[in-house]
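Residue numbers (this note's numbering), protein chains in the order written: chain A, 36 to 844; chain B, 24 to 148. Beta carbons are placed, not taken as given, at the ideal position from N, Cα and C, and that holds for glycine. Note that the structure is a prediction, hence the values are computed from the model and not measured.
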């Protein structure tokens with residue numbers, strides 16, 4: 036009997052250990068599987084890239100395909116037809132970036148709680164309430180109308196799926212092993228969801244609800260002072276001498292009186308540091324008579340990188356550049372004849388409508404003198420370890436009701452529908468596929484007509500020596516200030532009044548100045564006959580860029596590199612001398628005096644080893660917080676004035692109610708807070724030095740630019756990158772944001788197209804691959820890699836680490 | 024001699040089985056050995072421990088050297104383990120313990136079966 040008990044006890048013990056080690060418990064990976072030398076994480080260590088390449092098996096190609104990888108691990112795909120080309124692009128992209136591709140889609144579709152459980156549910160609900168999946172489904176339906184595009188999109192999807200089906204646990208990307216889940220099939224819908232995720236990042240920003248609240252609190256005069264739409268200092272993207280030779284569509288003003296309530300807390304806006312810069316130089320402004328295109332998108336610094344560089348070649352394509360994993364074609368790049376790059380064309384394309392329901396069951400809502408029917412969609416969330424959660428989302432013809440009694444409503448009668456341009460069906464992929472093979476400026480014009488959003492400033496250059504910039508996107512037609520504040524969903528007059536026709540778009544071609552440029556600033560001066568608005572136009576980078584381009588008569592490639600890596604702080608240049616002049620030097624001790632003198636002599640370049648940017652940035656942050664501390668007492672979501680507006684107010688208004696610090700009994704004036712915060716800054720810098728065991732607060736250490744893994748896993752991330760710059764600086768590398776791809780293309784009639792590029796990451800998305808983060812160091816130092824770009828694969832052969840011909844099976 | 028033989032059988036089977044079947048299938052062999060060989064518990068536990076432990080140790084060292092610890096050096100942070108060597112030792116040791124337990128499981132099965140046999144024998148005498 037005792038022996039039987041012993042046996043049963045051991046049996047239970049071993050079975051329990053095996054079951055525990057085969058499953059993920061409390062976020063610990065399934066240790067047995069995970070540690071297995073043959074299939075566990077060990078297999079994700081890649082020193083020899085052939086281990087990855089040799090797995091490539093192109094099952095469904097119709098004709099011969101050649102794949103080469105160069106030393107940067109950039110794929111060069113040579114196919115005999117377009118379907119094979121995009122099939123292989125899908126396959127190869129997934130080979131290096133599968134986990135990231137799927138994870139981004141899980142995030143935008145509000146499905147992260149399937150992996151992370153309850154803690155991701157709030158975020159998932161927000162995602163679904165924004166209506167992105169609903170919008171992607173609409174776009175998917177629309178896409179079937181365009182047979183050519185859908186054929187190539189499908190080829191891409193098949194390529195991804197053939198790679199996925201070749202996988203077993205052993206060669207899953209490591210994140211699947213850590214989180215213990217499996218890759219799913221890729222679909223066309225996911226490819227459209229990817230575009231929605233770009234829109235979510237780039238075009239969703241708005242402050243309508245916050246500003247409605249602020250207008251009520253501050254009154255119109257103060258509101259306009261603190262949040263002006265336009266500044267005289269603006270140097271717009273479209274130069275002032277461009278004339279608008281069209282008859283604009285008329286807009287009607289509307290009755291602005293509405294009743295509304297505020298949601299408890301508004302959903303997060305996209306990061307304000309998402310931005311970019313691009314410019315093109317015409318042959319008459321370049322030293323060697325070539326046309327140049329430079330493009331630098333500033334986005335969140337993540338690993339795996341947001342971009343994957345590819346070279347695509349078929350009889351109709353020979354295109355290279357940055358691709359988005361999950362999307363066919365090249366997004367920012369070049370071919371033999373043209374080059375193009377985008378920056379975000381910020382514009383208010385999100386509006387909020389206050390909805391009045393007929394009764395509690397919310398089946399009908401008021402619109403004019405009618406009652407319209409709502410559509411109820413029940414969203415299902417398969418929350419890990421907790422089962423299914425349901426959320427009912429009500430759709431009106433104005434969009435999904437994001438805030439209601441189920442979500443962020445504070446139990447008040449808040450019903451706000453979100454009207455967002457990204458909810459409309461769209462055909463962006465058509466634009467990119469056309470652009471990828473465009474030969475001249477006319478082709479580019481034709482391609483951009485199909486680009487609805489997220490609206491972008493496309494700068495382009497051609498081999499013929501032409502340059503141009505077009506602000507492409509579908510923009511709602513609005514009367515003055517329409518949609519700046521909450522609108523009345525029951526009043527038909529408040530609806531968007533149509534769209535600005537493509538023929539009335541903002542565009543500049545071959546200007547006399549010899550350059551075009553953009554850096555997320557105001558698109559155009561006030562003479563443009565259509566009302567446009569954004570709460571978030573950038574006020575520094577655009578001016579610096581234009582001034583740099585103006586100041587150099589003839590540019591060469593080195594000048595262009597210098598501009599992309601320019602660390603000049605326009606903000607410091609404009610405000611620092613003024614606030615320094617207010618410092619009472621008679622009361623400064625020796626240490627304070629040292630900083631004061633250094634700052635006075637600073638040339639405003641935020642270089643890596645300089646201590647002045649650390650001091651200035653901290654001082655400005657503290658000062659800014661002190662000035663606007665009144666806002667922190669507000670009940671609902673709000674925003675604070677921009678840095679630019681703040682610095683203008685400081686310089687121009689001597690007595691201002693906001694200068695007072697609420698925490699003290701006295702009433703402070705500007706001089707008081709400038710002096711007071713100078714000392715606080717010094718304390719803060721000294722504290723930092725003490726905590727970090729440093730004698731100097733060098734900008735790169737103090738700023739600590741980090742490129743973080745999407746899961747935030749520290750050992751998969753790179754911290755303390757040696758890079759200068761900051762937000763509002765052309766080299767926009769802040770803590771977590773920065774130039775996510777630097778590209779320069781040279782086009783010359785008499786020679787082959789040449790290009791240089793670098794990005795803060797590596798081609799492989801695998802943290803165990805030596806090419807995971809190998810670009811970061813060069814990127815920080817402003818070094819570029821010459822890109823291998825030839826029409827014939829044979830010319831690459833001496834420079835590639837892998838080459839193989841695949842035959843149709 | 025029998026002890027070393029058992030270690031070798033355990034080690035070899037682990038080495039080959041692991042490359043094809045799920046990791047827990049390597050527990051089958053120490054179990055069978057425990058049933059077949061009639062040795063004491065300690066001896067069985069040790070041959071399981073050493074057999075499986077060594078096989079895992081060898082495999083892990085091998086793959087980690089091949090990849091210059093490129094991935095293991097990152098995973099130790101995730102698992103809060105100080106060094107790659109410790110990670111390898113912990114892992115092999117855990118595998119060894121499981122091997123040992125599995126072998127004495129086999130042994131205990133043998134024991135519990137043989138006892139029943141004896142009992143039925145008594146009833147006839």
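In the structure shown, the three-state DSSP call for residue 574/A is coil. Around residue 185/A, the same chain offers 178, 179 as residues with beta carbons nearer than 7 Å, after the five sequence neighbours per side are excluded. For the region 108–125 of chain B, residues whose beta-carbon sits nearer than 7 Å to a beta-carbon of chain A comprise 114, 121, 124, 125. Cβ contact annotation for residue 521/A (same chain, cutoff 8 Å, sequence separation greater than five): 243, 244, 247, 293, 295, 387, 388, 389, 451, in chain order. Looking only at 699/A, 823/A, 183/A, 343/A, the smallest Cα-Cα distance to residue 129/A is reached by 343/A. Contact of residue 208/A with chain B is not assigned, every C-beta pair being separated by 8 Å or more. For the 8 Å CB-CB criterion, residue 428/A and residue 415/A do not form a contact.
As for any alpha helix (DSSP H) of minimum length 4 sitting wholly inside the region 151–223 of chain A, the runs are 156–164, 167–178, 182–200, 209–214, ordered along the chain.
Counting along the chain, no alpha helix (DSSP H) covers residue 551/A; the unbroken beta strand (DSSP E) around it starts and ends at 550–553.
Setting aside the 5 residues that flank it on each side, residue 277/A is surrounded in the same chain by 543, each with a C-beta closer than 6 Å to its C-beta; the list follows chain order.
Each residue's CA atom was taken as its position, placing residue 290/A and residue 378/A some 35 Å apart. Rounded to whole angstroms, the Cβ separation of residue 442/A and residue 160/A is 7 Å, and the two are in contact under 8 Å.
Contact between residue 592/A and residue 781/A is confirmed by a C-beta separation of about 7 Å, below the 8 Å threshold. Interface criterion not met: the Cβ of residue 61/B is under 8 Å from no Cβ in chain A. Residue 89/B and residue 83/A have their C-alpha atoms roughly 9 Å apart. By the criterion of a C-beta distance shorter than 8 Å, residue 258/A is surrounded in its chain by 246, 249, 250, once the five residues flanking it on both sides are discounted. Cβ contact annotation for residue 391/A (same chain, cutoff 8 Å, sequence separation greater than five): 400, 401, 450, 524, 525, in chain order.
CA-CA distance, residue 752/A to residue 744/A, rounds to 5 Å. Closer than 8 Å to the CB of residue 91/B there is at least one CB belonging to chain A.
Residues of chain B whose Cβ lies closer than 7 Å to the Cβ of residue 67/A are, in chain order, 46, 47. Selection 760/A, 714/A, 674/A evaluated against residue 261/A yields 674/A as nearest (Cα-Cα). For residue 408/A, the pairing in a beta bridge is given by DSSP as 399/A.
With a contact defined as Cβ atoms closer than 8 Å, residue 486/A and residue 508/A qualify at about 6 Å. For residue 346/A, the enclosing beta strand (DSSP E) stretches over residues 343–348.
Contact check for residue 802/A against residue 773/A fails: the beta carbons are separated by 8 Å or more. The beta carbons of residue 718/A and residue 697/A sit about 20 Å from each other, so the pair does not count as a contact at 8 Å.
Under DSSP, the beta-bridge partners assigned to residue 111/A are 103/A, 346/A. Per DSSP, the continuous alpha helix (DSSP H) segment holding residue 815/A begins and ends at 811–816.
Annotation: residue 654/A to residue 716/A spans about 5 Å, alpha carbon to alpha carbon. Residues of the region 44–57 of chain A with a C-beta less than 8 Å from any C-beta of chain B: 45, 46, 48, 49, 52, 53, 56, 57, listed in chain order. DSSP, read as helix, strand or coil, puts residue 327/A in strand. Within the model, the alpha-carbon separation for residue 464/A versus residue 586/A is close to 38 Å. Annotation for residue 388/A: the continuous beta strand (DSSP E) segment containing it runs 385–389. Per DSSP, the continuous beta strand (DSSP E) segment holding residue 837/A begins and ends at 835–841. Judged by DSSP in its simplified three-state form, residue 87/A adopts helix. As the crow flies, the alpha-carbon of residue 553/A is around 9 Å from that of residue 380/A.
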